[in-house]
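Everything in the sequence shown is counted per full-length UniProt numbering, starting at 1 for the first residue and increasing by one.
Idealized CB from N, CA, C, for every residue including glycine.
Only a predicted model underlies this, so the values are computations on that prediction, with no experimental measurement involved.
Notes for the one structure printed next.
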Amino acid sequence: MASFRYTSPVKCDVDVNTSMVKDKTAIVTGGTFSCDFRLQGPRLIYSGANGLGEAYVRALLAAGATVVIADRDVERGRRLEEEFKKAKFVNCDTSNWDDQVRLFRDAVSFSQSGKIHFVVANAGIHRKDEVFSYVGDGNEPKKPDLTTIDVNLIGTLYTSKLASHYFIKQNGQKPSPSQEDTCLILIGSGAAFLDCPRAPQYCATKWAMRGIMHSLRGTTFYYRSRVNIISPWYVKTNILSEEAFAHVKRVGVDFAEASDAAQCLLRILNDSTVNGRSFFVSGRKWSSRGYMDLDIEDYPEDSLIESIQKDQVKSAPVEMGLFI
Ligand SMILES: NC(=O)c1ccc[n+]([C@@H]2O[C@H](COP(=O)([O-])OP(=O)(O)OC[C@H]3O[C@@H](n4cnc5c(N)ncnc54)[C@H](O)[C@@H]3O)[C@@H](O)[C@H]2O)c1
Numbered sequence: 001m002a003s004f005r006y007t008s009p010v011k012c013d014v015d016v017n018t019s020m021v022k023d024k025t026a027i028v029t030g031g032t033f034s035c036d037f038r039l040q041g042p043r044l045i046y047s048g049a050n051g052l053g054e055a056y057v058r059a060l061l062a063a064g065a066t067v068v069i070a071d072r073d074v075e076r077g078r079r080l081e082e083e084f085k086k087a088k089f090v091n092c093d094t095s096n097w098d099d100q101v102r103l104f105r106d107a108v109s110f111s112q113s114g115k116i117h118f119v120v121a122n123a124g125i126h127r128k129d130e131v132f133s134y135v136g137d138g139n140e141p142k143k144p145d146l147t148t149i150d151v152n153l154i155g156t157l158y159t160s161k162l163a164s165h166y167f168i169k170q171n172g173q174k175p176s177p178s179q180e181d182t183c184l185i186l187i188g189s190g191a192a193f194l195d196c197p198r199a200p201q202y203c204a205t206k207w208a209m210r211g212i213m214h215s216l217r218g219t220t221f222y223y224r225s226r227v228n229i230i231s232p233w234y235v236k237t238n239i240l241s242e243e244a245f246a247h248v249k250r251v252g253v254d255f256a257e258a259s260d261a262a263q264c265l266l267r268i269l270n271d272s273t274v275n276g277r278s279f280f281v282s283g284r285k286w287s288s289r290g291y292m293d294l295d296i297e298d299y300p301e302d303s304l305i306e307s308i309q310k311d312q313v314k315s316a317p318v319e320m321g322l323f324i
């Protein structure tokens, strides 16, 4: 695998081949079905909102992968495990380090090869933001609830740490032909690159995904790994209330689809040249397949920002390796 370099945007209007996912093992956090389902005759009937995690899990299983699903929703997780032979549910709060250590250990045990190839750090929440909200005249400000940071940022940092730990353990610390492709997927949002009023915590956590990716993308090739971001536009799930989504619809905003996010995941995982890129799950208004490479992560050639970036890596060049 070549070292990182800036590329032109990844073509997304192409058919997705899934051969690189078959027989691989993936972890998806926040991956239970966030919908209700019941048996009608021999068929399962789904109702309610489907989470994005579910779409990633279903697409990976359909492509022949083994999937370990980490979530706090035990009831749905267990039902999911029963439905698919190649799925395992682990009760895990991603903001808890010990839970995630157990998750990765369980994934290694469940994996037929004993390896973890892909990790999708999908678990995330959106709450009313106490950093933003005003307590009212005459009241003292209270320490804000920062649970969004705990789950979306700290939890994802734990996932990133453990993913790279296992990738390095499996592949070694120096590029070699025997290494197998591995990939970490971080989940951004429109809030990872747009102005979203009244949500400083959520925006901080989603912009942070790009910070993690920018920091890792130059050195992942040592252990034949990659790191990319999927940033969904509005997708009807349980992350916001029904009223909030109804409002989005009322003001004329088109939705994106969870199934397109899943295809975007397969597009990335099946192309080992894709590293350090951000994909926007845009809906069909902006792209024919419902997702696109936003081309926002490179520094244009001969620009001022590119020359500043070059000076930045002089003090910590990629050539110094993984451990300095
Ligand atoms: N739906 C959207 O419009 C949208 C847009 C942009 C980004 N996203 C991002 O996509 C990801 C998935 O969101 P979704 O829309 O499917 O939401 P969702 O609420 O439908 O599903 C989230 C899942 O994560 C799980 N989860 C939450 N906290 C957890 C924790 N601490 N540990 C383990 N599991 C936990 C929940 O149980 C649930 O199964 C999130 O990172 C979210 O920020 C969603």
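Short Cβ contact (8 Å threshold) for residue i with residue j
{"i": "Thr-273", "j": "Ser-225", "result": "no"}
{"i": "Thr-32", "j": "Gly-64", "result": "no"}
{"i": "Ile-149", "j": "Ile-27", "result": "no"}
{"i": "Ser-231", "j": "Phe-279", "result": "yes"}
{"i": "Pro-200", "j": "Asp-129", "result": "yes"}
{"i": "Val-235", "j": "Phe-255", "result": "yes"}
{"i": "Phe-221", "j": "Phe-4", "result": "yes"}
{"i": "Lys-53", "j": "Asn-152", "result": "Residue 53 is actually Gly in this sequence, not Lys. Their beta carbons are not under 8 Å apart, which means Gly-53 does not touch Asn-152 by this criterion."}
{"i": "Met-20", "j": "Asn-275", "result": "no"}
{"i": "Ile-268", "j": "Ile-187", "result": "no"}
{"i": "Phe-104", "j": "Leu-162", "result": "yes"}
{"i": "Arg-289", "j": "Gln-263", "result": "yes"}
{"i": "Phe-132", "j": "Arg-198", "result": "yes"}
Unbroken beta strand (DSSP E) run spanning residue i, endpoints
{"i": "Thr-220", "result": "No beta strand (DSSP E) contains Thr-220, which DSSP labels as neither H nor E."}
{"i": "Tyr-280", "result": "In the sequence on display, residue 280 carries Phe and not Tyr. Element bounds for Phe-280: 278 to 281."}
{"i": "Pro-200", "result": "Here Pro-200 belongs to no beta strand (DSSP E); instead the alpha helix (DSSP H) covers 200 to 216."}
{"i": "Asp-71", "result": "66 to 71"}
{"i": "Lys-88", "result": "87 to 91"}
{"i": "Arg-79", "result": "Counting along the chain, Arg-79 falls outside any beta strand (DSSP E), though it belongs to the alpha helix (DSSP H) covering 74 to 83."}
{"i": "Leu-184", "result": "182 to 187"}
Buried versus exposed, by CB contacts within 10 Å (16 or more), residue i
{"i": "Gln-112", "result": "exposed"}
{"i": "Met-320", "result": "exposed"}
{"i": "Ala-87", "result": "buried"}
{"i": "Phe-323", "result": "exposed"}
{"i": "Gly-138", "result": "exposed"}
{"i": "Ile-212", "result": "buried"}
{"i": "Glu-297", "result": "buried"}
{"i": "Gln-100", "result": "buried"}
{"i": "Arg-58", "result": "buried"}
{"i": "Ala-316", "result": "exposed"}
{"i": "Asp-195", "result": "exposed"}
Extent of the continuous alpha helix (DSSP H) run through residue i
{"i": "Asn-171", "result": "156 to 171"}
{"i": "Ser-307", "result": "304 to 314"}
{"i": "Leu-265", "result": "258 to 269"}
Option in the options with minimal Cα separation from residue i
{"i": "Ala-134", "options": "Ile-125, Pro-144 and His-126", "result": "Correcting the residue identity first, residue 134 is Tyr in this sequence and not Ala. When each option's Cα is compared against that of Tyr-134, the closest is Pro-144."}
{"i": "Asn-238", "options": "Ala-258, Ile-229, Arg-250 and Thr-219", "result": "Ala-258"}
{"i": "Ala-55", "options": "Lys-24, Ser-164 and Val-120", "result": "Val-120"}
{"i": "Arg-284", "options": "Ser-307, Ala-62 and Asp-260", "result": "Asp-260"}
{"i": "Ser-164", "options": "Val-90, Val-16 and Arg-217", "result": "Arg-217"}
{"i": "Val-108", "options": "Tyr-223, Lys-249, Thr-66 and Pro-197", "result": "Thr-66"}
{"i": "Val-14", "options": "Lys-24, Leu-266 and Val-131", "result": "Leu-266"}
{"i": "Trp-286", "options": "Arg-72, Ala-246, Tyr-299 and Trp-233", "result": "Trp-233"}
Test: residue i CB closer than 8 Å to a CB of chain C
{"i": "Val-235", "result": "Reference to chain C is not applicable here, since this structure consists of a single protein chain."}
Counting pairs of Cβ atoms below 8 Å between the segment 279 to 295 and the segment 8 to 27, do you hit three or more?
Contact between the segment 279 to 295 and the segment 8 to 27 is present, because at least three Cβ pairs lie under 8 Å.
Stretch pair the segment 157 to 174 + the segment 88 to 108: three plus CB contacts closer than 8 Å
yes
Are the segment 253 to 269 and the segment 202 to 212 touching, with three or more C-beta to C-beta distances below 8 Å?
no
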